[in-house]
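Using the working numbering, the letters of the sequence shown map in sequence onto residues 6 to 241.
The structure appears below as structure tokens.
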Amino acid sequence: MKKIVFESDVSLASFAADMVQKQIESKPDSILGLATGSTPLGLYKELIDRNLDFSKITAFNLDEYYPIQKTDDQSYAYFMKENLFKHINIRPEHCFIPNGEAKDADAECKRYDELLEAYGGVDLQILGLGENGHIGFNEPDEELVAGTHKTALTQSTIQANARFFESADQVPTAALTMGMKTIFSAKKIIVLVTGKKKHDIIHRLFEKGITTDNPASLLQLHPDVTVLVDTAAEEG
Ligand code: GLP
């Protein structure tokens with residue numbers, strides 16, 4: 006696992022965009038794994054500004070709240086449309102996100118894994134990092150789940166995400182998320198980590214061992230992970 010430290014979140018976003026651009030240019034029909042949260046916003050803005058050709062790209066998002074309507078402005082479907090998809094030339098039928106409207110969550114998770122497998126898996130996965138070490142919505146626990154699954158959000162994640170809602174009691178308490186195996190099947194992974202609040206977790210990630218209590222620590226086992234960190238997260 007390689008770590009690169011950047012002076013600012015702006016230079017970090019620009020470097021991440023270089024990596025995505027390289028991927029798109031070397032394989033125009035790449036499968037990109039995408040993330041939500043505030044961290045990837047700089048990268049998405051940079052990708053939009055670069056006017057890259059996404060016409061053959063397919064996108065699979067990591068997770069979605071459950072249950073939630075796609076039109077809800079807190080849904081990740083809405084987030085992706087507003088912050089990336091509607092600004093680039095990706096085809097809407099090439100954009101996949103777990104369906105927060107599905108009646109049967111387990112059937113939806115199975116469908117999502119099968120679909121991703123049929124597409125041949127993710128070439129380049131973008132990940133954010135939860136303050137508690139979650140990736141996607143794989144929360145710290147005694148056991149982690151391999152495939153895409155429905156999961157309950159921890160109190161710490163609900164509190165962390167409350168800033169996007171009017172109050173913490175409006176944050177959904179469950180989500181559909183790619184599992185550890187789904188994420189690990191990506192050929193290449195970039196983790197974006199910015200801001201003071203990620204100081205403790207970034208140090209746990211690089212200085213401590215592998216534990217399900219810090220799901221991101223399992224990334225130490227993946228052969229191609231680059232962690233991009235800004236000085237605010239690195240120095241605290
Ligand atoms: C969210 C998402 C994750 C994201 C993380 C960090 O809850 N499910 O995919 O990486 O938490 O969010 P942020 O970038 O806003 O700190």
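The beta-carbon is built from N, C-alpha and C at its ideal position, and this holds for glycine as well.
All figures in this text were calculated on a predicted structure; none of them were measured in a lab.
Annotated three-state conformation of Tyr70 is strand, per DSSP. Listed in chain order, the non-local C-beta contacts of Gln28 below 6 Å within the same chain comprise Ser35 and Leu129, local neighbours out to five positions each way being set aside. Shown here for Phe170: same chain residues with a beta carbon closer than 8 Å to its own, the five before and five after excluded, namely Gln79 and Val176 in chain order. For Ala110, the secondary structure class from DSSP, reduced to helix, strand or coil, is helix. Comparing alpha carbon positions, the residue from Pro103, Glu87 and Glu51 closest to Phe65 is Pro103.
The residue among Leu52, Tyr70 and Leu233 with its C-alpha nearest the C-alpha of Thr162 is Tyr70.
Annotation for Phe211: the continuous alpha helix (DSSP H) segment containing it runs His204 to Glu212. Fully enclosed alpha helix (DSSP H) runs of no fewer than 4 residues occupy 81 to 88 and 110 to 123 of the region 72 to 150, in order along the chain. Contact between the region 176 to 185 and the region 148 to 161 is present: 3 or more CB-CB pairs across the two stretches fall below 8 Å. In this structure the region 112 to 131 does not touch the region 88 to 96; the number of beta carbon pairs closer than 8 Å is below three.
Taking C-alpha positions only, Gly42 is separated from Phe11 by approximately 20 Å. Here DSSP, grouped into helix, strand and coil, assigns Ile53 to helix.
The Cβ-Cβ distance between Gly184 and Ala151 falls below 9 Å. The residue from Ser16, Val15 and Ala21 with its alpha-carbon nearest to that of Leu132 is Ala21. Taking 8 Å as the upper bound for CB-CB distance, Ala221 and Gly141 are not in contact here, some 10 Å apart. A distance criterion of 8 Å places the beta-carbon of Thr162 in contact range of ligand 1, judged by its closest non-hydrogen atom. For Lys8, the closest alpha carbon among the candidates Ile207, Asp109, Glu119 and Leu223 is that of Ile207. Leu120 and Ile93 do not touch by the CB rule: their CB atoms are close to 21 Å apart, not below 8 Å. One Cα belongs to Val232, the other to Leu226, and the distance between them is close to 14 Å. Sequence-distant partners of Leu48 (beyond 5 residues in either direction) whose C-beta falls short of 6 Å from its own C-beta, in its chain, are Ala18, Ala21 and Ala22. DSSP places Asp235 inside the beta strand (DSSP E), whose first and last residues are Val230 to Asp235. Between Ile195 and the set Val25, Ala107, Leu46 and Lys203, the nearest pair of CA atoms involves Val25.
In this structure, the beta-carbon distance from Thr63 to His99 falls below 9 Å.
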